[in-house]
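Peer 1: Chains as they are written, first to last, in the numbering used here: chain Z, 9 to 305; chain A, 1034 to 1290; chain S, 6 to 383; chain Y, 28 to 266; chain L, 12 to 326.
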Amino acid sequence: MIDFINFYLVPALAIGSVYALGAVGISMIFGILRFAHFAHGDLMTLGTYGVLAAAAIFPVNPLLLVPFGMVLAIVSALLVDKVFYRPLRKLPTIYTVISSFGVALIFRSLVQLLWGSQNQVFGSGGVRPPLVLFDTFRVSVLHVQAVVATSVIALFLHFFLSRTKTGRSMRAVSDDPELAQVAGLDTEKVVRWTWIIGAALAAVAGSFAAMDTSAHPNLGWNLLMPMFAAAILGGIGKPMGAMAGGYIIGLAEELSSYHWIGDHALISPSYKTAVAFVIMIVLLIVKPQGLFKGRLL
Amino acid sequence: MIRLEGIRVDFGGLRAIDHASFNVDAGSVTGLIGPNGAGKTTAFNVIAGAIRPNAGRVLFDGEDITGLKPYQRAQRGLARTFQIPHEFSHLTVLENLMAAASAPEGENVFNVIFRRGRFGAEERAIYDHARETIRFLELDHVLDEKAGNLSGGQKKLVELGRALMRNPKIILLDEIGAGINRTLLSKLADKIKLLNQEHGLTFCLIEHDLDYVSKLCDHVLVMAQGKLLTEGTVDEVRSDERVIEAYFGGGKYEAHA
Amino acid sequence: ADTKIGVLMDITGPIANFIPPLQNAANLAVKQVNEQGGLLDGNAVAVYGDTTGSSQGAVDAAQKLANVENVPIIMGALMSGTTIAAAEAVSIPTGIVQISPTATSPAMTDLKDNDLVYRIVPSDNFQGEVLAKMVLDEGIKKVAVTYVNNDYGVGIGQTFMDAYKKAGGEIVAAVKHEEKKDSYRSELASLTKGGAEALVVIAYAGDSGGKIVKQSIEGGLFTRFIGTDGLRDDLLIKDVGADALKTSFFSSPTSPADNPAQKTLHDEFNAEFGEGADKAFVDQTYDATFLAMLAVEKAGSTDRAKIAAALRDVASAPGEKVGPGEWAKAKELIKEGKDIDYDGAGGTYDFDAHGDVRGYVGKFVVDGDSYKQIEVMQ
Amino acid sequence: MSALLSVRGLTAGYGGPPIIEDIAFDVQPHEIAVILGPNGAGKSTVLKTIFALTSIASGTIDFDGTDLARCKTSALVTLGVSAVPQSSNVFPNLTVDENLDIGTYAAPPADKVATHEKVLHLFPDLRAKLKQPAGELSGGQRQMVAIGRALMCEPKLMLLDEPTAGLSPAYLERIFDLLLDIRKTGVTILMVEQNARQALQIADQGHVLVNGRNFASGTGKELLADENVRRSFLGGAAT
Amino acid sequence: MEWTGLFFYLVSILIAGGIYALLCLALNIQWGMGGLFNAGIAGFFAIGAYTSAILTTGESSKHLGGFGLPVFAGLLGAALLAGLMGWAVAKICVRLKSDYLAMASIGIAEILRLVIVNESWVTNGSLGLAGIPRPFGEYLAGRSADLVFLAYVWTIVLIVYFVAMRLYDSPWGRSLRAIRDNEASAAAAGKNIEKFRVQTFVIGCAVMGVAGGLSAHYFRFLSPSATDPLLVTFLVWVMLMAGGSGNNRGAIVGALGIWSLWSMTEIFTNRLPLEWITRSSYIRMLLVGLLLQVVLQKFRSGVLPEKSPPLRFRK
Ligand SMILES: Nc1ncnc2c1ncn2[C@@H]1O[C@H](COP(=O)(O)OP(=O)(O)OP(=O)(O)O)[C@@H](O)[C@H]1O
Ligand SMILES: Nc1ncnc2c1ncn2[C@@H]1O[C@H](COP(=O)(O)OP(=O)(O)OP(=O)(O)O)[C@@H](O)[C@H]1O
Ligand SMILES: [Mg+2]
Ligand SMILES: [Mg+2]
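(1) Among the residues of its own chain, which have a CB less than 7 Å from the CB of residue 24 (chain L), if the five just before and after it don't count?
(2) Quick one: list the residues of chain Z neighbouring residue 304 (chain L), beta-carbon separation under 7 Å, in chain order.
(3) Residue 190 (chain S) to residue 178 (chain S), Cα distance in whole Å?
(4) Rounded to whole angstroms, how far is the Cβ of residue 209 (chain L) from the Cβ of residue 102 (chain L), which I believe are closer than 8 Å?
(5) Distance check for residue 245 (chain L) and residue 141 (chain L), CA to CA, integer angstroms please.
(6) To the nearest angstrom, how far is the alpha carbon of residue 230 (chain L) from that of residue 360 (chain S)?
(7) With a 10 Å radius around its C-beta and 16 neighbouring C-beta atoms as the bar for buried, classify residue 16 (chain Z) as buried or exposed.
(8) Determine, for residue 121 (chain L), whether the minimum Cβ-Cβ distance to residues of chain Z falls below 8 Å.
(9) By DSSP's criteria, residue 365 (chain S) is part of a beta bridge. Which residues make up the other side?
(10) By the 9 Å beta-carbon criterion, what residues does the stretch 186-210 of chain Y contribute toward chain C?
(11) Rounded to whole angstroms, how far is the Cβ of residue 345 (chain S) from the Cβ of residue 78 (chain S), which I believe are closer than 8 Å?
(12) Going by the C-beta, is residue 20 (chain Y) closer than 7 Å to any heavy atom of ligand 2?
(13) Within 8 Å of any Cβ in chain L, is that where the Cβ of residue 1115 (chain A) sits?
(14) Under a three-way DSSP split, which group does residue 124 (chain S) fall into?
(15) Whole angstroms is fine: what's the gap from residue 219 (chain S)'s alpha carbon to residue 240 (chain S)'s?
(16) First and last residue of the beta strand (DSSP E) that includes residue 53 (chain S)?
(17) Nearest by alpha-carbon distance to residue 126 (chain Z): which of Z:281, Z:205, Z:226 is it?
(18) Runs of 4 residues minimum, wholly inside the stretch 268-333 of chain S: which ones carry the alpha helix (DSSP H) assignment?
(19) If you measure between the beta carbons of residue 396 (chain S) and residue 365 (chain S), is that distance less than 8 Å?
(20) Nearest by alpha-carbon distance to residue 1241 (chain A): which of Y:246, Y:210, Y:194 is it?
(21) Just curious, the beta strand (DSSP E) that residue 1042 (chain A) is in, first and last residue?
(22) How is residue 81 (chain Y) classed by DSSP in three states: helix, strand or coil?
(23) Distance cutoff 8 Å, beta carbons only. Does residue 163 (chain L) sit that close to anything in chain S?
(24) Using DSSP with H/G/I as helix, E/B as strand and the rest coil, what is residue 217 (chain S)?
(25) DSSP three-state call for residue 143 (chain Y): helix, strand or coil?
(26) Between the stretch 1125-1139 of chain A and the stretch 1211-1225 of chain A, do three or more beta carbon pairs fall short of 8 Å?
(27) For residue 2 (chain L) and residue 120 (chain L), which I take to be in contact (beta-carbon distance under 8 Å), what is that distance rounded to the nearest angstrom?
(28) Given the structure, does residue 205 (chain L) come close to ligand 1, in the sense that its CB is under 7 Å from one of the ligand's heavy atoms?
(29) Could you check if residue 1097 (chain A) is buried or exposed, using at least 16 other CB atoms within 10 Å of its CB as the buried criterion?
(30) Please find out if some non-hydrogen atom of ligand 6 comes closer than 7 Å to the beta-carbon of residue 233 (chain Y).
(31) Bridge partners for residue 160 (chain Y) per DSSP, in chain order?
(32) So residue 1144 (chain A) is in the alpha helix (DSSP H); what residue range does that whole segment cover?
(33) Assign residue 71 (chain S) to one of two classes, buried (16 or more other C-beta atoms within 10 Å of its C-beta) or exposed (fewer than that).
(34) Output needed in chain order: residues of the stretch 280-303 of chain L with a Cβ under 8 Å from some Cβ in chain S.
(35) Identify which residue in S:317, S:334, S:381 has its Cα closest to the Cα of residue 355 (chain S).
(36) Roughly how many angstroms lie between the CA atoms of residue 54 (chain Z) and residue 105 (chain S), to the nearest whole one?
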């Protein structure tokens, strides 16, 4: 039981947080701009390296430097949207999908050009002593921080989407952009906010992932598929759903190899990723609109 | 020809059709009228198979078709139009019509790849039929335009054109008149009459313009709040108290409030 | 005129993070050659091809090296998959000699390669067997094993387990794991069952290997680790600290006895680039590049047909020994018509009939912030 | 008297050949102006052009001193122009309430609650559907939501593309009454109608469009009386 | 020598381009005509590659079989098995709307990849299959073998092109495009949507399988690194969009064009000044990414946009 919490549940929640934060952006972009943003993982990487760059200058706890990464990610996302995505907005969305794929390459090669492609660790690296509670629970401090941060972000996001005018306009734009314009909503502003939120959360997610292990140029790309699965699972265009989806994917991946029955892993850990996808596909078939009904929120 | 028996349709908590039963007689032009949200379109969807009723049966030519899929019903001779146009947006107008026709030989993959001779004649006939229909609908000048680029009214006409291409036994027309120029609309009425009288084609149409309905229909069904309120000739129905109240708004606004 | 040397590496793609020190290693070799008299009658120029870590990319990049750049010899690639695809589709048909510094797949042994494809690491089978012996010699009778699910991990992992069991060891748990995940805690949880004395990790320090060690220390699951050359990386020490690795040891292909050549190379490497000499496969990459240039020099021209024979000549005994950085000496000897034998930082490299080498495997322990070789096995 | 909306020499299209050419008309304040014409004549295109949804080749659209030809679509509502498009005129996944609410974002009405109440009074059917996604409404109900949304921002000028299409007689009448009503409150209306006969009865002026060009103009009465117009566009002789 | 080198480089571009052309044609049938968003091309490609490889290699203890069949039989097997897999996937997923189908197919491809890496009794896992023969391989060696293989690949491309043209220019193709545009109204016109879609998906997947098989024979060695989604799935999408989706000729042009672009950028980055050399690959990827944007913005609807097929009897 203790094992279960220490080695399966808590790490699963931590990974779930990373997926959740990344999936929010994917889900919102999908909802509002209607395309699968393949550069989201690499946006995450870029944000992470922003934090890394700041950490090289300021010798403080890297968590405090995450805003640097957020700013870098936001600026890059807005720039890319303006230069690459916006001219394609009137075309079928598949063009933007393809374009985002090119942007992923651009982001990744920029990271490699600027920072090289070797693994980099935050601070001194080293083993961080776990948080020991009651002599039995051993959980990583970072994991706790990640889960707490994600919950706080979820609260803020919910408030933003449901209470502010911009947040509520987002749903209208996601429904019918042309009509939204006719109704006088500034769609470009909504789009900007989508990028700001998506990019900022991506940077946070990337930083957590990198602090837990290490930063490298493929960091975000490797996380992209589970994040997509999470976004789908939560129902596309529903940020809160995507959050839940992230945790479900994280839990499914980690818990599937717990020895639920007998002494052996239920499913060979090599098939971890497959578990997430199987869940996604089954859900798509039985409940195609995702776990949560309604678009955005 | 069509018979609905005790149909019930629920959308979540809302009962869109509430145990409605009615007939559309073979060879008739039947009108289906009623206030907005009465369940008319839903009834069409039930007949065409787009919605499974929660209860009740649909009979077509005496045969129970409740379990059939929309395409199977279409293959048996049931054609419909959509209230909100559902054009094939990337196909030209001509292709829209041709695609609607049934082409058993030409839609067989094996024939398409290996035996192209098999569907030449069939294709030719479809083409001629489509051209003729397009001429009638006054869409000649947009023959090769992508249907997605058409105006609202033109899309409605394409909608009708596709139904005509099916060579069906019955056509369900859902507010074909809304958004169509009145002059053209009266020509459509003539065509409908012609098809009905000369080819014995059955029509069931939803329409809000009662003058138009009275010009066309021998028989009218009135729905309100998911139920069949009454039926009869246009004049009978027009003078029915309940219809006046539900449909024409009785003493102006209060009736609805 | 300058002579181009083809360098095929998986620069972008899944193993991108391993590459920079290896590029440095190749560049160092080229630089030294040019400083010490150049190649043939001009300078050596490294022309890179990027396999993108996929077969398509490997073949495409090799085509460009062979046909557009017209290189006489190719050093690379690093992954077995990309190496063999490039060899089968390009090097062999075009008659170019290809030397891989790192491809360990047993499949390479049996290629019908017209004597064109070489590698300077022993096939997986070898390191796995030696590692098994090393572990038993330490008196460890019960281990848990985890290996990364790619050609490297599977190859060594399987042979290790077979050899270890045959020699009387007990494997209490074995888990194959995927690369690139963030958490290996659930894998570790199943590895702890059975009370192993140590955990054998066959994976890269920069990827899953490092994470596994770190996460097991953090979770207090294992204290003793046994790794292969992929794990034996300064990064690991940086990541988990030397203290935590006190009882651990590592195997890595090396050269017989204590090898001054390796020290020479590492000193020069670190002098040039500041750090990184100890990264996985730096020695091999340098040696392969150096050997490639020696072969061209020996052949006396860029005639592809002559280079294969020349490579065998310069790499194997008999002949006067030449080591890393000793290009001037080698060039002189070749000019005099003398036979040479390159003994590199990573081994002596005597090719057998298949173009494989018999290797030596060294046992390493952590010493300060790097590794120390304490034993060599053949 | 200066026109509220003045269109001059307008030529526009969708990137290909122009759909409307050299269109010109004026709409005076507090007027109801109707555009008529056969299907595909370019009526909707005129409205869309005013709303900056097409590409303008030449011409000016003067609204209250501003040239709309240079405006962004989303800026128009703030200027006091609201529109109901012909098709896809509701946000299908938003509830009716939210659809109405959207109308107030760009140009908040003086009293939001009162305006909301006014719209519901106009379309009592919607009251029961406030929490339902608009995509689940019947065709006529959507039309009500769309008009309601356009009213929520208390516009100066309303552009309506076939507002009565699909509405039952009761509502048809109600819409026309409504138009007369809101005209009284100072709103100017430019609409496209196929229910031309009724529309012309309440219209101050009408413009007939054929093949993208001005064909005939006049007051509602004049056009109704015009034999040619009647035969070609109003469905034959008056009944 | 320079010139022969360039000539053989051209040959290699055409071989790889031909394999991509097959993938593009297959995707065009699925997406351009049928509107089926298959984002799991790599999966079907992998099935084809492994099937053909296992059928044609000599007996081996490392993996399933090694059945030593002729290459043609291998490719046939690849088409059949990939088609069969396509059928199974289509049966489950074809009802999904396009974006969802995309995700489901990515998921399936990823699962397939894991199966290939893990089930080493069939595929020899990450160690790969060696010794895969080329067609007519026993008679030829050296560079000239590439010429024969080129001819082999392009013969298949032409056959598939003709089949694709026939599909496109037919009532079947028309109905398929109609279904793509609007399902409800296609159903109202009596089209059995599921049947059409399953047929489309299966045909496309079978062709993808053949492409996979050809690549295995080209590389003569097959390991999971040959089925990298970056180069197999995404690049094919780029090619189709750049060439013009819905247009078979566009699919081929896109495949050749983008592959040349992808491949040739390296020749230029290799000529950068010395101090940039180690970073040339990153610069190359940057360049590819940027060029992609240029292609997308300049050729909006592809080099050759979708056209309706002509009706032969129309004047
Ligand atoms: N998909 C759906 N989900 C929930 N409710 C629905 C759905 N479709 C229709 N309804 C409701 O069912 C009722 C009947 O709708 P229907 O479309 O049949 O009306 P109608 O008679 O065609 O009206 P109109 O003349 O306005 O087109 C309406 O109240 C509508 O809100
Ligand atoms: N998005 C578009 N792209 C290209 N052409 C278009 C587009 N929308 C409309 N058209 C063309 O412009 C012409 C005029 O269309 P418009 O919608 O203005 O007609 P309308 O007068 O409103 O007709 P209706 O009464 O049928 O709604 C039509 O012939 C149509 O084909
Ligand atoms: Mg209706
Ligand atoms: Mg219109």
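Glycine included, C-beta positions come from ideal geometry on N, C-alpha and C.
Peer 2: So, from the data block:
(1) 270, 271, 274
(2) 92, 107, 110
(3) 15 Å
(4) 7 Å
(5) 26 Å
(6) 20 Å
(7) buried
(8) yes
(9) S:259
(10) This model lacks chain C altogether, as its protein chains are Z, A, S, Y and L.
(11) Not quite, the Cβ-Cβ distance comes to about 17 Å (not below 8 Å), so this is no contact.
(12) Absent from the model: residue 20 (chain Y). The displayed extent of chain Y is 28 to 266, so no value can be given.
(13) yes
(14) strand
(15) 11 Å
(16) 49-55
(17) Z:226
(18) 287-304, 309-320
(19) The question about residue 396 (chain S) has no answer here: the residues shown for chain S are numbered 6 through 383.
(20) Y:194
(21) 1035-1044
(22) coil
(23) no
(24) helix
(25) helix
(26) no
(27) Residue 2 (chain L) falls outside the range modelled here, since chain L spans only 12 to 326, and no answer is possible.
(28) no
(29) exposed
(30) In terms of ligand content, the structure shown lacks ligand 6 and carries ligand 1, ligand 2, ligand 3 and ligand 4 instead.
(31) Y:122
(32) 1142-1147
(33) buried
(34) 281, 288, 289, 291, 292, 293, 295, 296
(35) S:317
(36) 33 Å
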